[in-house]
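Structure record follows, encoded as structure tokens.
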Amino acid sequence: MNKGESFFNQGIQFFESEQYEQAAACLIQAYEHSYEKEHILDILYNCFIIPNEQEFRNNYKYNSAAHTRIAYEE
Numbered sequence: 003m004n005k006g007e008s009f010f011n012q013g014i015q016f017f018e019s020e021q022y023e024q025a026a027a028c029l030i031q032a033y034e035h036s037y038e039k040e041h042i043l044d045i046l047y048n049c050f051i052i053p054n055e056q057e058f059r060n061n062y063k064y065n066s067a068a069h070t071r072i073a074y075e076e
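Count along the sequence shown starting at 1, add 2, and that's the number in our numbering.
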């Protein structure tokens, strides 16, 4: 088993045990080792971004108001 695969497997185990910070860190390490890059992006997007999208939008709106007029979608 290579390092990327090991990080990936650890990330999945952490996610399943609801240790989300550690899960994300391991999945990022696996990605950086070029292991299952597309699958990792899908996991991170579906598990962390989509469920919190409104919070991301609100934070972007608040933090970008004084700095940019670029819409969140852009």
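All C-beta atoms in this analysis are idealised placements derived from N, C-alpha and C, irrespective of residue type, glycine included. It should be emphasised that the depicted structure is a prediction, and the values quoted were computed from it without experimental measurement.
1. Round the Cβ separation of Phe-9 and Gln-31 to the nearest angstrom and send it over; I've been treating them as touching at under 8 Å.
2. In chain order, what residues of the same chain have a beta carbon less than 7 Å from the beta carbon of Gly-13, not counting five sequence neighbours either side?
3. What residue does the alpha helix (DSSP H) around Asn-60 start on, and which one ends it?
In short:
1. Reading the sequence shown from its first residue, position 7 is the one you call residue 9. Reading the sequence shown from its first residue, position 29 is the one you call residue 31. Yes, Phe-9 and Gln-31 are in contact; Cβ-Cβ is about 4 Å, under 8 Å.
2. Within the sequence shown, residue 13 is the residue found at index 11, counting from 1. These residues qualify, in order along the chain: Ala-25, Cys-28, Leu-29, Ala-32.
3. As a first step, residue 60 must be located in the sequence shown, where it is residue number 58. Asn-60 -> alpha helix (DSSP H) spans 55–66.
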